[in-house]
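Chains as they are written, first to last, in our numbering: chain F, 1 to 82; chain H, 83 to 164; chain X, 165 to 311; chain S, 312 to 458. Contents: one structure, followed by commentary.
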C-alpha cells in the first residue's frame with residue numbers, strides 16, 4: 001500500500017487530497033498510467049505531465065524514478081511560494 | 083575666500099577641521115601645492131594624494147578640477163561608511 | 165537556523181530585531197519580506213496551500229545549502245499558509261554574515277530556491293473568481309544563477 | 312524616499328514595519344542592516360565622522376540613481392554618526408518593489424555606493440588604541456558591477 005497525495009489544482013481536479021493505493025507500479029510513470037486509466041478525472045489531472053511535479057517521501061523526484069520502498073507519493077503543480 | 087574642510091585623519095594631521103583661505107589657485111592641485119608649501123603638517127597630510135579624495139561644493143571631484151566659482155573644498159580619505 | 169511554517173501572521177520588524185541578536189561577530193543582516201500584492205486592484209484575498217512535512221523539510225534543506233555556500237552566522241525563514249489579505253506579509257527570509265556580499269547572496273539564493281522548490285501554492289481570489297497562480301519560467305530560470 | 316542621518320540609535324524592526332506601509336502594489340521588501348562588528352574581540356567602540364550637508368546630498372543622489380535604474384515603490388536610507396558600541400546598528404537601507412529582483416538589486420546597489428561614495432569615516436577604538444578603518448579595494452571594485 002502506498003499513500004498518494006494531491007495538492008493545489010491536482011487535488012481539486014481529482015477531488016480528494018489523499019488516498020491509499022495498492023499498486024504494482026515499478027516507476028512513478030507506471031503509477032501515473034494506472035491512475036489515468038482509472039477515471040476521467042485522473043486522466044484530466046494527469047493529461048500534461050510537464051505541468052506536474054512529483055515528490056517521493058517528501059523529496060522532489062522525477063517521473064522515471066522507481067517506487068521501490070516509497071511510502072508516500074505526492075503530485076502537484078510547479079510551486080509558487082515566496 | 084574659500085572654505086577648506088578636513089575630515090578623518092586629514093583633519094587630525096592638519097589639526098583643524100576647517101579654515102578660510104585666500105588663494106589664487108586655479109585647480110585643486112594648485113591649492114594642494116600651496117598648502118603643502120605652508121607647513122610640515124600640511125606636507126605630511128598631502129604627501130600621498132592617492133590616499134585622498136576631494137569634494138567641491140559637496141560633490142566628489144578630481145584633483146585637476148578647476149576651483150572657479152567654488153566656495154567649499156573638502157579633503158578626506160576614501161569613505162568607509164555602511 | 166530557524167524555519168517557521170505557520171498560519172498566523174508574524175511581525176517582520178520584531179523578527180528582524182530578534183534575528184542574530186546574540187552574534188557579536190556579524191556586520192551584515194539582509195532580509196526579504198514578501199507581501200500580498202494587489203496586482204490588478206481586484207484582489208480580495210490570497211490562499212496559500214502547502215505540503216505539511218515536506219515544506220519544513222525542503223526549507224531546512226535550502227537553508228543548509230545556503231550555509232554550505234556562504235559564511236553565515238544565522239539564517240531565518242518564515243512562511244505562512246492559509247488566507248491572506250492584500251498588504252499582509254506572506255513570508256520573510258533573513259541572512260546574517262560578517263560580510264555584506266555573503267548576506268546578500270544568501271538571501272537572494274534562499275528566495276530563488278524557496279520560490280520554486282518549497283511546496284507552496286498560491287490561489288488568488290478576486291471579484292471575478294479564484295485562480296491558482298501560474299509558476300513563472302523566470303522563477304525556474306533564476307535557479308540557473310546558482311549552478 | 313526617506314534619507315535620515317542622525318546620531319541617535321534607530322529601531323531597525325520598527326523602520327522595516329513602517330517602510331512602504333501604504334503601498335498596496337509592492338510584493339517585495341529587501342532590507343540591509345549594518346551592525347558594529349567586533350572583529351578582533353577587542354573593540355570597545357566605533358566612532359563615525361561624517362560631512363554634514365554633503366552626506367545628505369550624496370545619499371539622496373544614490374537613492375535617486377537607484378530609482379532611475381529599477382522600478383521601486385520606495386527607498387529608505389538611515390545612517391548614524393557619533394559613537395557606537397559593538398552590536399549597535401550603524402545603518403540600514405531598504406528597497407520596496409513589485410518584483411524581488413529589483414528590490415534585491417536596488418538594496419545591493421545602495422550599499423555599494425553608500426560604502427564608497429557617502430562621506431562617512433569609521434574609527435575603531437580598541438584596547439590597543441584608536442585607528443581609522445582603511446577603505447577596502449574590494450569596496451571600490453564592487454562599484455564596477457553597476458557600470
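Just so you know, even glycine gets a beta-carbon here, dropped at the ideal spot from N, CA and C.
On the DSSP bridge list, what partners appear for residue i?
i	result
residue 402 of chain S	S:345 and S:390
residue 288 of chain X	X:210 and X:295
residue 317 of chain S	S:391
residue 66 of chain F	F:27
residue 87 of chain H	H:100 and H:156
residue 340 of chain S	X:197 and S:407
residue 60 of chain F	F:55
residue 385 of chain S	S:407
Check whether the Cβ atoms of residue i and residue j sit closer than 9 Å, and answer yes or no.
i	j	result
residue 390 of chain S	residue 436 of chain S	no
residue 78 of chain F	residue 9 of chain F	no
residue 89 of chain H	residue 128 of chain H	no
residue 21 of chain F	residue 5 of chain F	no
residue 201 of chain X	residue 337 of chain S	yes
residue 54 of chain F	residue 2 of chain F	no
residue 280 of chain X	residue 304 of chain X	yes
residue 339 of chain S	residue 411 of chain S	yes
residue 423 of chain S	residue 353 of chain S	no
residue 324 of chain S	residue 246 of chain X	no
residue 434 of chain S	residue 365 of chain S	no
residue 282 of chain X	residue 214 of chain X	yes
Compute the beta-carbon to beta-carbon distance between residue i and residue j, rounded to the nearest angstrom, for a pair I have assumed lies under 8 Å.
i	j	result
residue 431 of chain S	residue 105 of chain H	Residue 431 of chain S to residue 105 of chain H, Cβ: 28 Å. No contact.
residue 187 of chain X	residue 260 of chain X	6 Å
residue 405 of chain S	residue 383 of chain S	10 Å between Cβ atoms; not a contact.
residue 58 of chain F	residue 40 of chain F	About 29 Å; that fails the 8 Å criterion.
residue 117 of chain H	residue 124 of chain H	4 Å
Tell me whether residue i is buried or exposed, calling it buried when 16 or more other Cβ atoms sit within 10 Å of its Cβ.
i	result
residue 44 of chain F	exposed
residue 310 of chain X	exposed
residue 317 of chain S	exposed
residue 165 of chain X	exposed
residue 100 of chain H	exposed
residue 16 of chain F	exposed
residue 82 of chain F	buried
residue 447 of chain S	exposed
residue 56 of chain F	buried
residue 326 of chain S	buried
residue 49 of chain F	exposed
residue 37 of chain F	exposed
residue 68 of chain F	exposed
residue 238 of chain X	buried
residue 377 of chain S	buried
residue 93 of chain H	buried
Could you list which residues in chain B have their beta carbon closer than 7 Å to that of residue i, in chain order?
i	result
residue 278 of chain X	The displayed structure is made up of protein chains F, H, X and S, and chain B is not among them.
Between the stretch 389-408 of chain S and the stretch 340-358 of chain S, do three or more beta carbon pairs fall short of 8 Å? Yes, the stretch 389-408 of chain S is in contact with the stretch 340-358 of chain S.
Does the pairing of the stretch 363-370 of chain S with the stretch 216-225 of chain X give three or more beta-carbon distances under 8 Å? Not touching, per the Cβ criterion.
Three or more C-beta pairs below 8 Å linking the stretch 267-281 of chain X and the stretch 410-425 of chain S: Contact holds: three or more Cβ-Cβ distances are below 8 Å.
Check whether the stretch 107-116 of chain H and the stretch 140-153 of chain H touch, using three or more Cβ-Cβ pairs below 8 Å as the test. Touching, yes.
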